[in-house]
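Below is one structure, written out as C-alpha cells; comments come after it.
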Amino acid sequence: MKPAAFDYYKPETLDEALSLLDEFGYDAKVLAGGQSLIPMMNMRLARPPVLIDINGVQGMTGIEVGESEIVIGGLTRHYMVEHSPEIQNSCPMLAEGIKLIGHSQIRSRGTIGGSIVHADPTAELPVMLTALGGKVTVVSSGDERELTPEELFLTYMTTTIEPNEIVKSVHFPVIAERTGHAIEEFTLRSGDFAIIIAAASVTLDEEGLIESAALCIGGVDGIPVKLEDVTDELIGEAPSEELFAEKCAQIVDLVDPEKDIHASAEYRKDLCVALSRRVLKKAADRAKQA
Amino acid sequence: MMEKTAESSRLKTITLKVNHKEYTVDVEPRMLLSDVLRDVLRLTGTHVGCEHGVCGACTIMMDERPVRSCLVFGVQADQAEIVTVEGLESENGELHPLQKGFWEKHGLQCGFCTPGMLMTACHLLEHNPDPSREEIREAISGNLCRCTGYQGIVDAVEYAAKEMRERAE
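Chains as they are written, first to last, in my numbering: chain A, 1 to 290; chain B, 1 to 169.
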C-alpha cells in the first residue's frame, strides 16, 4: 500500500504554483495538508502523475478578522484556527466545529482550503461554510473569482474549481449581534467521519423573537443541505423547545439520505431531526445571552 | 540501466533533524516519512499499522505538533524538527515518565500501538499537565489499541502527568 511514483514540485510562490498547474493540467494534483489525498494515494485510489506541494508558498497562511468578515488563508492549518482566540469571539461555530475535524494529528497538518476543495459532504468545513454563507476565493494565472457555497459544491467530492485554480482564501462572516451559533455531529467514535452533522445560526430581534435563522445538514446528500423550508417558518416566532421540535419534525420528508453499513436511511433521518432541534435550541439560547 | 537513471533522477536530497541529530538522505518523493524513518534512518521505533491515517501507530512530533508520519511524504519533512519515540528517554537512558507509566500501569500489551500512544500523550501533557480521564481519552482517540481496552493506557497517562507535575515543583 504505497503511493505510485509521481513527479514532485515545490513552488515557492503562488504564481509559480499556478503556472505549474497550467503546464500539467489534469495530470497534477495540489498537495496542501495531504490528510485526505495521501490516504487515497497510499491505497492507490489516486495516482496523480504530478504533485505540486504548495506548503512552501508564502502568504497563504493566516487569519484576519475584520469588521464583518474573517479571511483565512487557504493553507492555514486546522490547529491554527482551533487555537485562535479571535475566532472564538468572531465566529463561535467555526471554533466549535474545527475541533470536531479528525484527531489532533490530522488537525496538525490538514488545511482549511484543502478540506473545502475535498468537498466531503460529511466534513465540518463545507457544512459550516454553507450554514454561515461564507465564500471562497480561487485564483488561476491572471484571474481571481469568488464562489458562494452554492456555486462551489457540485456533488460528492466535486466542486466547480477548475484544474488550474487554487483556493487562495476562505471567508466567513463575523457573527452578528444577538446571534448564536451551534454545531453538533454524530460519530461512531470521537474524531471519526460524521454520520450526520447539523449546524445552526439564530439571530433574535430586540423583542427576543427569531429575526433570522440558518440550518445546514451534512451527510444526507452529495453537498451540505440548507433547510430553508424549516428556518423560514421560524421567523417572527419566539424560540422554544416546542417550536423547534414541531418545525424540525418535517425534516424527515425534506432529506433523502442513503443507507450504509453504519446506519439505515431512517436512522439518519431521525438523527437529522434530533441534531437539528438540538443545534437550533443551543444557537437560540446562545443568542439570548449574546 | 535506463530505468535506473530515470529512478535516481527522481531522488530528492533532504535534511531531517530527528531527535536532535541531523540526517541528510536521498529519498524518492513517494516515500512516506514513516518509511524514511524506519527504512532509511533505521529508527524502527515508529510503527506503521494501517498506512492510511486510521490507527495512529506512526504518530511522531513534527515541528512540535503530533503528526501521522504515514500521511506526510519524507520530502515534505525537509528541514523539519522531528521527535520519535526513540527521542523520549533522556540522554542517560532514563525512561520518560510516560514510558515509566506504561510500564507501571500495564499500558502496553502487544506494544504495537505504544509508540504512537506515547507521542500523542506527550503532546497532551506538554499542553495540559493535569488532564481529566475524559481529556486523555479524547486525546488518544486517534490511536487504536486492540489489546488493553485503553484502561491501562489512561492510567499510565494519569500516572505520568502526576509524576511530571511533581518533578516540575
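We put the CB at the ideal spot given by N, CA and C, even for glycine.
Tell whether a beta-carbon distance below 9 Å holds between GLY87/B and ARG68/B. Cβ atoms of GLY87/B and ARG68/B: not closer than 9 Å.
Is it buried or exposed, CYS110/B, if we count other Cβ atoms within 10 angstroms and call 16 or more buried? exposed
Output the boundary residues of the alpha helix (DSSP H) element that contains MET164/B. 151-168
So which residues on chain A does CYS122/B lean against when the C-beta distance must stay under 8 Å? In chain order: nothing, as chain A lies at least about 12 Å away.
Looking at chain A, is there any beta carbon in it that lies within less than 9 Å of the beta carbon of LEU95/B? no
Three-state class that DSSP yields for THR24/B in the structure shown: strand
PRO11/A at chain B interface by Cβ criterion, 9 Å: For PRO11/A, the answer is no, since every Cβ of chain B falls outside 9 Å of its Cβ.
9 Å Cβ cutoff, GLY62/A in contact with chain B: no
Own chain residues within Cβ distance below 6 Å of LEU45/A, not counting five before or after: None.
Using only CA atoms, which one of ARG107/A, TYR156/A and SER108/A lies nearest to VAL127/A? TYR156/A
Using three-state DSSP, classify ASP39/B as helix, strand or coil. helix
Selected residue, minimal CA-CA separation from LEU227/A, among ALA200/A, ALA263/A and GLU258/A: ALA200/A
Per DSSP, the bridge partner or partners of HIS118/A: Per DSSP, none; premise fails for HIS118/A.
Just the chain B side, please: which residues come within less than 7 Å of GLN35/A by C-beta, in chain order? Chain-ordered, the chain B residues with CB closer than 7 Å to the CB of GLN35/A read GLY53 and LEU71.
Can you give me the C-alpha to C-alpha distance between GLN105/A and GLY33/A, rounded to a whole angstrom? 11 Å
Taking DSSP as the reference, what is the three-state secondary structure of ALA6/B? With a pLDDT of only 42 at ALA6/B, under 50, the local geometry of the prediction cannot be trusted, and no value is derived from it.
CA nearest to the CA of PRO173/A, picked from SER140/A, ALA131/A, ARG145/A and ASP229/A: When C-alpha distances from PRO173/A are compared across SER140/A, ALA131/A, ARG145/A and ASP229/A, the shortest belongs to ALA131/A.
How close, in whole Å, do the beta carbons of VAL83/B and LEU33/B come, if the pair is a contact with beta carbons under 8 Å? VAL83/B to LEU33/B, Cβ: 13 Å. No contact.
Short CB-CB distance (under 9 Å) between LYS29/A and chain B: no
Under a CB-based cut-off of 9 Å, is GLU138/B close to chain C? Absent here is chain C; the protein component of the structure consists of chains A and B.
How would you label ASN164/A, buried or exposed, when you count the other beta carbons within 10 angstroms and need 16 or more for buried? Classification for ASN164/A: buried.
Should the segment 237-252 of chain A be regarded as contacting the segment 261-281 of chain A, the criterion being three or more beta carbon pairs within less than 8 Å? yes
Per-residue DSSP class, three states only, for THR160/A: coil
Given a cut-off of 9 Å, decide if SER19/A and SER141/A are closer than it, judged by their beta-carbon atoms. yes
Have a look at GLU177/A, ARG178/A, THR179/A and ALA194/A and flag the residue whose alpha-carbon is nearest the alpha-carbon of GLU185/A. ALA194/A
So, helix, strand or coil for ALA238/A, using DSSP? coil
Quick one: which chain A residues come within Cβ less than 7 Å of GLN76/B? ASP53 and ASN55
With distance defined between alpha-carbon atoms, name the residue in PRO49/A, GLU258/A, VAL220/A and VAL202/A nearest to THR237/A. Note that residue 237/A is Glu in the sequence shown, not Thr. The alpha carbon of GLU237/A has as its nearest neighbour, out of PRO49/A, GLU258/A, VAL220/A and VAL202/A, the alpha carbon of VAL202/A.
Cβ distance (whole Å) where GLU81/B is taken to contact LYS17/B below 8 Å: 5 Å
Please report the distance separating the alpha-carbon of THR159/A from that of ARG133/B. Answer to the nearest angstrom: the Cα atoms are 41 Å apart.
Residues of chain A with a CB under 8 Å from the CB of LYS17/B: which are they? None at all; the shortest Cβ gap to chain A is about 17 Å.
Measuring only between beta-carbons, confirm whether HIS262/A sits less than 9 Å from chain B. no
Residues of chain B with CB under 8 Å from ARG268/A, in chain order? Those within 8 Å of ARG268/A in chain B number zero; the least Cβ separation is about 23 Å.
Would you grab the beta carbon distance between LEU98/B and ALA121/B for me? Rounded to a whole angstrom, and I think it's under 8 Å. 5 Å
In the structure shown, what three-state DSSP assignment does ARG65/B receive? strand
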